[in-house]
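J.:
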Amino acid sequence: MAVITYREALRAAMREELQRDENVVVMGEEVAQFNGAYKVTEGLLKEFGPKRVVDTPISEAGFIGLGIGASMLGIRPVMELMFWSFSYVAFDQIVNNAGNIRYMSGGLINCPIVIRGPANGGTNVGATHSHTPEAILASHPGIKVVCPATPYDAKGLMKAAIRDNDPVYVMENTILYNDKGEVPDEDYIVPLGVADVKRVGTDLTIVAHGRAVITSLKAAEILEKEHGVSVEVVDLRSIRPLDEETILASVRKTHRALLVEENKPFCGVDAQVAYIIQAKAFDDLDAPIGRVSSIDAPQIYCKRMEDEQLPHAARVVAAALKVLA
Amino acid sequence: MAKPAVLTHPESLKKPAGPSEFAKHPVNAALSKAEKVALYTKMARIRHFEQRCIRTYQQGKIGGFLHLYVGQEAVAAGTISLLGKHDHIITGYRDHGHGLMVGMSMNECMAELTGKVTGCSQGKGGSMHYFAPDKNYWGGHGIVGGQAPLGTGLAYAVKYKGLKGCCLAYMGDGAVNQGAVHEAYNLAALWDLPMIFVIENNGYSMGTSQERSTAHPGCLAKRAEGYGMAWDVINGHDVYEVRAKTDAAVKRAHEESKPTVLEIFTYRYFGHSMADPDKTYRDKEEIKGYRENKDPVLLFENELLAEGVLTPATRDAINEAAMAEADVAAVFAEESPDPTVADITKHIYWEEDNRGPNSTSRGTIIFE
Ligand SMILES: Cc1ncc(C[n+]2csc(CCOP(=O)(O)OP(=O)(O)O)c2C)c(N)n1
Ligand SMILES: [Mg+2]
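In the order they appear, the protein sequences are chains D and L.
When we follow the numbering used here, the leftmost residue of the first sequence carries the number 14, and every step to the right adds one.
When we follow the numbering used here, the leftmost residue of the second sequence carries the number 716, and every step to the right adds one.
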């Protein structure tokens, strides 16, 4: 096992898949010569050359659509969006084309495309650059969405995404890029749709994804030390497909659930999770399901206030205590 | 407008920089001494404000993205200096220079960068999202190319209201490859809108040189022909030339209600943003060459010294005052308060901020 960063884990996944399958192509703005706006693709151009690692103009609708088209003919494009916020100018391609082609062709055409890039707030860049569209995109059948929180999951999910035969949208987080963690040396994947219990506990289940997992783990520490509460943290890892069983098994054990996400609350991922829990584990619940999301407003620029807007450990602890009361 | 088949650069850019050929152009000849000094002062203010921002950023008081306008001052200064009451502007995220040009104060601009409630957008927009609608400045837009259709809409509204005005939408050499820009071009031409698309060609979009991003790279403005629009190329290091050629586009908008694409050749001295180490895609000699030979502030300064409009003493006084003003702004920004947590959910909806018996909205609109 090597200890590497989340960024290196993503890069290793792309590198290994570029080596494994000659149809894999990495494409996006500044991914090649500039080595990536966030250096995720650093060194790939040097190793694989300009046929496999391609710089694009600032034409998201064009190059994402092109990637979808190429995937229909068997290319396996791994498209970088400098930010998922920029996916909005390519929304038609991402949703209408990638998400519907297989269905509308009665299963004749597949879109094995990966679109990846950061989707997070917390970096003081204001409303246009801080979107977290996992819920919006996952609400479209035909599309798969994953949100890794650790280097291990980042690598395993990225490799699974590249091998998957459907459109998979990988939402990363710039704040996690430097986080370190153990990653196996040998080939592995993390299958889409398998949640991970990141911390075992008995009194409360916290369900989270992306950086909210890290926040929840911090909150769990505080709850244990300062309040003597044993918290289980379930990391969804994958939004669609969603691992209902792991969520339900945890709730059946702890009888209390708190859902934490960095999305805005309205129709967030956790709205769906809450529905599943109440529909399938209602009798196991000892308290109403709690929820922490970002304060419901476009992302504020002011850094101090943005840190308040996003879920943070203190807010998660307070919400947990309410569910436990 | 007969043009050579492949025109890459404005004629004046092919020669070593010297006295401006456009000094005697009517729109420049009409400037009084005081107006010339004022124009120079504005350019110097942009330069010193931006340089003060670097310090504030390095002190950790500005975070996020900070895109500087240093080197490009003559573009905003030249174009905006021509505008009147019914003329509007809109730009991308490299928006400080335009803000100062329309008359925003250094205080509100600096305070916005530090996220303070005294900022032009109350700490909600940040560096990429300046706004001053009272000064006909409609932002400050973070998404590349998004301002082009918006600007076209401003031009549409001006025409709809029967006003003699226009809109200038600024964008970079990379932005011309966004689909929205092309859709805006077509609309502006199809509907004869008083619109001026200003391409600030600084040679690079982040780490991508203009040649690497654009098919038919010889001339970005020439794409206008595909939409039947007029176009021109401008040496953006010479504020007189910027004024002279932009004036023709403004007249075309005002008098004929026709759009124009202007490509203004310019250069940015610093990285794409403060996050760009600027080490890989261009060499230091290139930057040095522009700084030494084509600096727009320095060239205009020399012009005005030669004209006897400025003296070394008045020049120094102007620059010292601009530096002092930027220092004051930094202190103002430092001492200003943050927005509060309650402020986070303000300014989302007009109806929510102004609920009353005549509101057209009911129900929960901000969720927990
Ligand atoms: C739709 C979209 N894609 C990508 C970006 C990221 N981005 C911001 S500025 C920029 C380069 C733009 O270059 P150019 O248009 O030449 O303007 P300049 O920065 O040189 O002023 C890129 C790729 C963005 N903000 N919006
Ligand atoms: Mg540029």
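Beta carbons are placed, not taken as given, at the ideal position from N, Cα and C, and that holds for glycine.
Along the stretch 87-105 of chain D, where does the CB come closer than 8 Å to a CB of chain L? Name the residues.
T.: 98, 99, 101, 102
J.: Alpha carbon to alpha carbon, how far is residue 1041 of chain L from residue 840 of chain L? Give it in angstroms, no decimals.
T.: 20 Å
J.: Can you tell me whether residue 818 of chain L is buried or exposed, with buried defined as 16 or more other CB within 10 angstroms of its CB?
T.: exposed
J.: Tell me the rounded alpha-carbon separation between residue 735 of chain L and residue 752 of chain L.
T.: 16 Å
J.: Count the other CB atoms, across all protein chains shown, that sit within 10 Å of the CB of residue 720 of chain L; report buried if there are 16 or more and exposed otherwise.
T.: Caution is warranted here: a pLDDT of 39 is assigned to residue 720 of chain L, below 50, making its placement in the model unreliable, and no coordinate value can be reported.
J.: Indicate whether at least one CB of chain L lies closer than 8 Å to the CB of residue 310 of chain D.
T.: yes
J.: If I measure Cβ to Cβ from residue 716 of chain L and keep anything under 7 Å in the same chain, skipping five residues before and after, which residues do I get?
T.: Its pLDDT being 39, under 50, residue 716 of chain L is placed unreliably by the model, and the measurement read from it follows with that caveat. Closer than 7 Å at Cβ, skipping near neighbours: 945.
J.: Are the CB atoms of residue 901 of chain L and residue 928 of chain L nearer to each other than 8 Å?
T.: no
J.: Looking at chain D, which residues of the stretch 991-1007 of chain L have a Cβ within less than 8 Å of any of its Cβ atoms?
T.: Listed in sequence order: 995, 996.
J.: Over the uninterrupted beta strand (DSSP E) stretch that includes residue 82 of chain D, give me the two end residues.
T.: Careful: residue 82 of chain D lies outside any beta strand (DSSP E), inside the alpha helix (DSSP H) at 73-85.
J.: Under 9 Å between beta-carbons, which chain L residues line up against residue 137 of chain D? List them in chain order, please.
T.: Ordered by position in chain L, the residues that pass the 9 Å Cβ test against residue 137 of chain D are 777, 778, 779, 780, 830, 841.
J.: How many Å lie between residue 718 of chain L and residue 914 of chain L at the Cα?
T.: Legend: pLDDT at residue 718 of chain L = 41, less than 50; position of this residue unreliable, value from coordinates given subsequently. Going from the Cα of residue 718 of chain L to the Cα of residue 914 of chain L covers about 18 Å.
J.: Collect the residues with a C-beta less than 6 Å away from any heavy atom of ligand 2 and give them in sequence order along the chain.
T.: L/887, L/888, L/889, L/917, L/919, L/920
J.: Which bits of chain D does residue 927 of chain L rub up against, with CB to CB less than 9 Å?
T.: 46, 68, 70
J.: Between the alpha carbons of residue 82 of chain D and residue 155 of chain D, how many angstroms are there, rounded?
T.: 16 Å
J.: What is the rounded straight-line gap between the Cα of residue 238 of chain D and the Cα of residue 161 of chain D?
T.: 27 Å
J.: Buried or exposed: where does residue 86 of chain D fall if 16 or more other Cβ atoms within 10 Å of its Cβ makes it buried?
T.: exposed
J.: Can you tell me whether DSSP reads residue 720 of chain L as helix, strand or coil?
T.: At residue 720 of chain L the pLDDT is 39, less than 50, meaning the model places this residue with poor confidence; the figure from the coordinates comes in the next sentence. Here residue 720 of chain L sits in coil by DSSP.
J.: Closest to residue 330 of chain D by C-alpha separation, out of D/111, D/203, D/217, would be which residue?
T.: D/217
J.: In the stretch 112-145 of chain D, which residues sit with their C-beta less than 8 Å from some C-beta in chain L, listed in chain order?
T.: 136, 137, 138, 139, 140, 141, 142
J.: Determine the burial state of residue 319 of chain D: buried for a count of at least 16 other Cβ atoms within 10 Å of its Cβ, exposed for fewer.
T.: buried
J.: Where DSSP assigns a beta bridge to residue 915 of chain L, which residues make up the other side?
T.: L/887, L/979
J.: Show which residues of chain D have a CB atom less than 9 Å away from the CB atom of residue 895 of chain L.
T.: 74, 102
J.: Taking Cβ positions only, does residue 921 of chain L come closer than 8 Å to chain D?
T.: With its beta carbon less than 8 Å from one in chain D, residue 921 of chain L belongs to the interface.
J.: List, in order along the chain, the chain D residues whose C-beta lies closer than 9 Å to that of residue 913 of chain L?
T.: The premise fails here: residue 913 of chain L is roughly 17 Å from chain D at the closest Cβ pair, so nothing lies under 9 Å.
J.: Scan the stretch 167-196 of chain D and note each continuous beta strand (DSSP E) run of 3 residues or more that stays entirely inside, going in chain order.
T.: 181-185, 193-196
J.: Taking Cβ-Cβ distances below 7 Å as the criterion, which residues of the stretch 269-287 of chain D are in contact with chain L?
T.: 278, 279
J.: Which residue marks the beginning of the alpha helix (DSSP H) containing residue 952 of chain L, and which one marks its end?
T.: Under the DSSP assignment, residue 952 of chain L falls outside any alpha helix (DSSP H); it carries neither an H nor an E label.
J.: So if DSSP puts residue 128 of chain D in a beta bridge, which residue, or which two residues, is it bridged to?
T.: D/92, D/182
J.: Check this for me: beta carbons of residue 824 of chain L and residue 813 of chain L, under 8 Å apart or not?
T.: no
J.: Given that a residue counts as buried once 16 or more other Cβ atoms are within 10 Å of its Cβ, and exposed if not, what is residue 837 of chain L?
T.: buried
J.: For residue 1055 of chain L, name the three-state secondary structure that DSSP assigns.
T.: coil
J.: So that I know if they touch, is there some Cβ in chain L lying closer than 8 Å to that of residue 190 of chain D?
T.: no
J.: Note down, in chain order, all residues in the stretch 26-43 of chain D with a beta-carbon under 9 Å from any beta-carbon belonging to chain L.
T.: 42, 43
J.: Going by beta-carbon coordinates alone, are residue 94 of chain D and residue 73 of chain D separated by less than 8 Å?
T.: When the beta-carbon positions are compared, residue 94 of chain D and residue 73 of chain D come within less than 8 Å of each other.
J.: Which residues in the same chain have their Cβ closer than 8 Å to the Cβ of residue 166 of chain D, if we skip the five residues on either side of it in sequence?
T.: Only 203, 209, 248, 250 meet the Cβ criterion.
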